[in-house]
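Participant:
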Amino acid sequence: MTDSWTLVADCALVTDSVRSKDTITAENISKTYAEVKAVSDLSFEAKPGEIFGLIGPNGAGKTTTIRMMMNIIAPDSGRILFDGRPLAEADKNKIGYLPEERGLYRKAKLGEVLEYLAAIKGARPQDFRPAIDGWLERFGLSEWKNRKVSDLSKGMAQKAQFIAALAHNPSLVFFDEPFSGLDPLAQDEMLAVMAELKEKGATVLFSTHIMEHAEKICGRILLLNKGRAVLNGPLADIKARYGRNAVQIEFDGDASFVKKLEFVNSVVEYPRWIEVELRQGIDSDELLKAVVGKLKVRRFEVVMPSLHKIFVGLVGNEGLGSNGGASYGQV
Amino acid sequence: MVKSKYIIRHEFRLTAANKTFVVLTILGPFLIFAVTALPTLLAASPGAGIKSNPIAVYGAPKAVQEALQTAFSGMNIQIEPVDSVERAKEGTLSGELGALLVLEAGWPDGGKALWFSKTGADVALYGAAKAALESSARSERIRASGVQPEVADRLLAPTDFDVVKLEPHGEEKAISDQAFLETLMTVLVFIMLLYMTILLYGQMIGRSVVTEKTSKTVEIMLSSVTSRELMMGKIAGLGLAGILQYAVWTLMAFLLNRYIGPLFGLALPAAISMQNMGWLLVFFLLGFFLYASAYAGLGAASEDEQNLGQLAWPLIIFLIVPLVMLNTLVTSPDSTLVVVLSIFPLTSPIVMLARILVSSPPFWQLALCLSLLVVAVVGMMILAAKIFRVGILMTGKRPKLQEVLRWIRVE
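Each protein sequence line maps, in turn, to chains A and B. Here the first sequence is numbered in our numbering, starting from 488 and rising by one per residue. Here the second sequence is numbered in our numbering, starting from 797 and rising by one per residue.
1. Nearest by alpha-carbon distance to I511 of chain A: which of A:P562, A:V526, A:R634 and A:S530 is it?
2. Measuring alpha carbon to alpha carbon, tell me which residue in B:V1186, B:G902 and B:K908 is nearest S1098 of chain B.
3. Return the chain-ordered ranges of every alpha helix (DSSP H) run that is complete within the region 967-1019 of chain B and spans a minimum of 4 residues.
4. Using Cβ-Cβ distances below 8 angstroms, what residues of the region 1019-1034 of chain B are close to chain A?
5. Which runs of the beta strand (DSSP E) at least 3 residues long sit entirely within the region 895-963 of chain B? Give them in chain order.
6. Is there contact between the region 1105-1114 of chain B and the region 1020-1039 of chain B, where contact requires at least three CB pairs shorter than 8 angstroms?
7. Expressed to the nearest angstrom, what Euclidean distance is found between the alpha-carbon atoms of A844 of chain B and I1031 of chain B?
8. Taking only three categories from DSSP, how would you classify L692 of chain A?
9. Would you verify that the beta carbon of K1182 of chain B is, or is not, closer than 8 angstroms to some beta carbon of chain A?
10. Please list, in chain order, the chain B residues whose beta carbon lies closer than 8 angstroms to that of M557 of chain A.
11. Are the CB atoms of A533 of chain A and F539 of chain A nearer to each other than 8 angstroms?
12. Could you compute how far the alpha carbon of G800 of chain A sits from the alpha carbon of A742 of chain A?
13. Quick check for students: name the residue ranges of the beta strand (DSSP E) that lie wholly in the region 645-714 of chain A, counting only runs of 3 or more.
14. Mind checking the region 577-589 of chain A against chain B and listing, in chain order, the residues whose C-beta falls within less than 9 angstroms of any C-beta there?
15. Kindly list, in the order they appear in chain B, the residues whose Cβ is closer than 8 angstroms to that of R593 of chain A.
16. What ranges does the alpha helix (DSSP H) occupy inside the region 1122-1164 of chain B, keeping only unbroken runs of at least 4 residues that lie completely in it?
17. Taking the beta carbon of G824 of chain B as the centre, do at least 16 other beta carbons fall within 10 Å, making it buried, or is it exposed?
18. Taking the alpha-carbon positions, what's the L810 of chain B to A595 of chain A distance?
19. Exposed or buried, what is A813 of chain B when buried is set at 16 or more other beta-carbons lying within 10 Å of its beta-carbon?
20. Skipping 5 residues on each side, what residues in its chain have a beta carbon closer than 7 angstroms to that of L1094 of chain B?
21. Taking the C-alpha atoms as reference points, what is the distance between P600 of chain A and Y592 of chain A?
22. Excluding the five sequence neighbours on either side, which residues of its own chain have a C-beta within less than 8 angstroms of the C-beta of E773 of chain A, listed in chain order?
23. Go ahead and pull the three-state DSSP assignment for D741 of chain A.
24. In its own chain, which residues sit with a C-beta less than 6 angstroms from the C-beta of A1037 of chain B, not counting the 5 before and 5 after it?
25. Pick helix, strand or coil for R572 of chain A, following the three-state DSSP scheme.
26. List the residues of chain A whose Cβ lies closer than 9 angstroms to the Cβ of L810 of chain B, in chain order.
27. Nearest CA to the CA of A673 of chain A: which residue from A:L722, A:V790 and A:A647?
28. According to the neighbour-count rule (16 or more other Cβ atoms, all chains shown, within 10 Å of its Cβ), is D956 of chain B buried or exposed?
29. Name the chain B residues that come within less than 9 angstroms of K524 of chain A, Cβ to Cβ?
30. For T982 of chain B and L1051 of chain B, I'd like the C-alpha separation in whole angstroms.
31. Using a beta-carbon distance cut-off of less than 8 angstroms, what residues from the region 603-619 of chain A approach chain B?
32. Do we get a CB-CB distance below 8 angstroms when we pair A547 of chain A with the residues of chain B?
33. Rounded to whole angstroms, how far is the Cβ of P586 of chain A from the Cβ of I516 of chain A, which I believe are closer than 8 angstroms?
34. Could you work out which residues of chain B lie near A651 of chain A, taking near to mean beta carbons separated by less than 8 angstroms?
35. So which residues on chain D does I560 of chain A lean against when the C-beta distance must stay under 8 angstroms?
36. State the beta-bridge partners of F531 of chain A as determined by DSSP.
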């Protein structure tokens, strides 16, 4: 392909690339609940050794898509392929899943729950027992192994859930909003684990409504809105395509005048930070001149637009869904 | 189905480690023993367990005092003649005396007999006193009318009256009042056990499904197993715990009857036979699978435990009806209503078990009851699995009936 990223509108079908082992492919999948079309004609492919981001605001259809990819619910039309053949029940054993809504059996002991969840993935005790011990050790939860899940703090329970997704050594892992509710240190730990999985050749799918997270770790993304794909392709290419004439400024003061400047196309605005998209042919110097003296500039950087900016540019603010839309957070 | 093994084991462990389960398993047999053996104990010694303070008697001739003493000695109660009614009333009020019996001057034909007690509700005691007084009065009147004492004894001699139960194959079994009481108690205990366990396990399944749904554990489970494996694993795991419980009870009933009962000269009621314990287990299993599947479906359709409680009410009524009808079940086990209820699957486990205990239902009715139950269990499982599959993933709102019906139709 000349253009390695693709607007999905031009790409109804996934390319017939070589379907290597552990590749998961969605082919024109759709799902309707009652009268609501949750997912509409979606196609994408996640390959081993990459982190694939499923991104979109709340209500965009991410969870429905993941449930179909996990064979928890069946698509109304289209199909899911794993290793190049239709996804079967037995494939669940190779898949690890961290659901958005976390929950473990609260009355059972942590070690027992983890072993139980690994066992129903078809893993053998001699394989999953050392793996569970290793993960517990790594996340500092070893001494909690024989305590009840209800005794764990929220952060510990999140880590435990992470272990539950990985204890059976899956070759494909879904992380649905993995960072929600985690403190920055724990987020770093999770990021490191995801990077390791990628290095080891696992296929990592990652869903989030926080676009900065996706920008930091995903190689390729699928941007969803109202059940439809808006963008699909390598993140770097998407950014290169849209990355023209944007400037980020960190400042003290009132930057509300910036959006009124005639050479400014649009602004994403926060109290101490703005991202400005300039009109075609306007140099960033113009902007620098305009703000000097009016704002105490702490950082001025010519950048590619954020994913959020691209998303808003493509679908407009109304595309941000009914639940408050895409939001920002820190990794 | 290999995965089901782990689910069954997990659910079994969770249930068997539950305090309610342990308490019920241990106390169950004692409940059977206590309630069914109690009539035997009481019949042997009606005063057993009652604090036997002496009963004051005022104004009774020597012969009447003796008759009263004979009547009360079976209850380990002494008769104490007193000469002050007021003091005896005080003694009764303070609890030193069990009661006070006053025969007015001229009794039996001129004055009344008065029974004073703290409660006025000691039926067994004043019943015994009344019987003894009537008997004494009758003897006295016959004697006063000039009839010879031997003739009087002959006139007053009780007649024999036996109740014989006809069994199939021409067997006949004499039934004493006590045996009837024992059967009644056994039926009561058996159907209470069946009611309690079916309801308890059904609710455990329902709650377990709701918890799995509300705690979102279900998403992880369904990423590993099918919804059918999950539901059946839960039902089978709890069913296994139920079988363990019934096995413990049967074993304890056997041990009690064989080794512990003889030590105290007690025997379990004849109705608690191994054969009837077998029927209890059969009807538990069928009733359990029927109600557990229904509860699994209801749990999946519920938003939370409170919602489950509301949805389950119509189901519970079918379990309660036989309990309310206990009297009819025992006295008219072959009436049309009882026969119909013993064939209708939602009531048949309890009603048919009661019929088996008190009479011998015809083979065709038993066969029809069991076949319909098996069909109902399979049907309920299919229906519940369909509701379960869709409902388990639905959160955030209470589904309407039409919605649930649509889930059932989803292919």
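Positions of the beta carbon are idealized from the N, C-alpha and C atoms, including for glycine.
Facilitator: On the basis of the data shown:
1. For the purposes of this step, residue 511 of chain A is identified with residue 24 of the first sequence, where counting begins at 1. Residue A:S530 is the option with its Cα nearest to I511 of chain A.
2. Against the second sequence, residue 1098 of chain B aligns to sequence position 302. Closest by alpha carbon: B:V1186.
3. 973-1010 and 1013-1018
4. S1019, S1020, V1021 and T1022
5. 895-899, 909-912 and 959-962
6. no
7. Within the second sequence, residue 844 of chain B is the residue found at index 48, counting from 1. Within the second sequence, residue 1031 of chain B is the residue found at index 235, counting from 1. Legend: pLDDT at A844 of chain B = 49, less than 50; position of this residue unreliable, no value from coordinates given.
8. Numbered from its first residue, the first sequence carries residue 692 of chain A at position 205. Note: L692 of chain A maps to strand in three-state DSSP.
9. The sequence position of residue 1182 of chain B within the second sequence is 386, counting from 1. Output row for K1182 of chain B: interface = no.
10. Counting from 1 along the first sequence, the entry for residue 557 of chain A is found at position 70. Going along chain B in sequence order, the residues near M557 of chain A (Cβ under 8 angstroms) are L1018 and S1019.
11. The residue given as residue 533 of chain A occupies position 46 in the first sequence. The residue given as residue 539 of chain A occupies position 52 in the first sequence. Cβ distance < 8 angstroms, so A533 of chain A and F539 of chain A count as in contact.
12. Against the first sequence, residue 800 of chain A aligns to sequence position 313. Against the first sequence, residue 742 of chain A aligns to sequence position 255. Whole-angstrom Cα-Cα distance: 21 angstroms.
13. With a minimum length of 3 residues, the continuous beta strand (DSSP E) runs that stay inside the region 645-714 of chain A are 659-663, 690-695 and 707-712.
14. The region 577-589 of chain A vs chain B, Cβ under 9 angstroms: K579, N580, I582, G583, Y584, L585, P586, E587, E588 and R589.
15. Numbered from its first residue, the first sequence carries residue 593 of chain A at position 106. In chain order: S1011.
16. Counting only runs of at least 4 residues, the region 1122-1164 of chain B fully encloses the following alpha helix (DSSP H) elements, listed from N- to C-terminal order: 1122-1127, 1132-1137 and 1144-1154.
17. For the purposes of this step, residue 824 of chain B is identified with residue 28 of the second sequence, where counting begins at 1. Taking a 10 Å sphere around the C-beta of G824 of chain B, we find 16 or more other C-beta atoms and assign the residue as buried.
18. Working through the second sequence from its first residue, we reach residue 810 of chain B at position 14. Working through the first sequence from its first residue, we reach residue 595 of chain A at position 108. Taking the straight line from one Cα to the other gives about 8 angstroms.
19. Position 17 of the second sequence, counted from the first residue, corresponds to residue 813 of chain B. Counting Cβ neighbours within 10 Å, A813 of chain B comes out exposed, since fewer than 16 surround it.
20. Within the second sequence, the letter at position 298 stands for residue 1094 of chain B. Answer for L1094 of chain B: G1002, L1104, L1107 and A1108, listed in chain order.
21. Indexing the first sequence from 1 puts residue 600 of chain A at position 113. Indexing the first sequence from 1 puts residue 592 of chain A at position 105. It is worth fixing the name first, because residue 600 of chain A is Val in this sequence and not Pro. Approximately 7 angstroms between the Cα atoms of the pair.
22. Taking the first residue of the first sequence as position 1, residue 773 of chain A is located at position 286. Here E773 of chain A has F750 and L765 as same chain residues with Cβ atoms under 8 angstroms from its own Cβ, once five neighbours each way along the sequence are excluded.
23. The residue you call residue 741 of chain A lines up with position 254 of the first sequence. In the structure shown, D741 of chain A sits in coil (DSSP, three-state: anything other than H, G, I, E or B).
24. Against the second sequence, residue 1037 of chain B aligns to sequence position 241. For A1037 of chain B, where only same-chain residues beyond five positions count, the Cβ hits under 6 angstroms are F808, T811 and A812.
25. The sequence position of residue 572 of chain A within the first sequence is 85, counting from 1. R572 of chain A: strand per DSSP, three-state reduction.
26. Along the second sequence, one-based indexing puts residue 810 of chain B at 14. Here the neighbours are Y592, K594 and A595.
27. Reading the first sequence from its first residue, position 186 is the one you call residue 673 of chain A. Measuring from the Cα of A673 of chain A, the nearest candidate turns out to be A:A647.
28. To locate residue 956 of chain B, count along the second sequence from 1; it is residue 160. In this structure D956 of chain B is exposed. Its beta-carbon is surrounded by fewer than 16 other beta-carbon atoms within 10 angstroms.
29. Looking up residue 524 of chain A in the first sequence gives position 37. None at all; the shortest Cβ gap to chain B is about 17 angstroms.
30. Counting from 1 along the second sequence, the entry for residue 982 of chain B is found at position 186. Counting from 1 along the second sequence, the entry for residue 1051 of chain B is found at position 255. The alpha-carbon atoms of T982 of chain B and L1051 of chain B are separated by roughly 17 angstroms.
31. Residues of the region 603-619 of chain A with a C-beta less than 8 angstroms from any C-beta of chain B: Y603, L604, A606, I607, K608 and G609, listed in chain order.
32. Position 60 of the first sequence holds residue 547 of chain A. Not one chain B Cβ lies under 8 angstroms of A547 of chain A.
33. Position 99 of the first sequence, counted from the start, is the residue given in the question as residue 586 of chain A. Position 29 of the first sequence, counted from the start, is the residue given in the question as residue 516 of chain A. Their Cβ separation, rounded to whole angstroms, is 19 angstroms, which puts P586 of chain A and I516 of chain A out of contact at 8 angstroms.
34. Counting from one through the first sequence, the residue named residue 651 of chain A turns up at place 164. Within chain B, the residues near A651 of chain A are I1016.
35. In summary, chain D is missing from the structure at hand, where the protein chains are A and B.
36. By 1-based counting over the first sequence, the position of residue 531 of chain A is 44. According to DSSP, which records beta bridges pairwise, F531 of chain A is partnered with A:A513.
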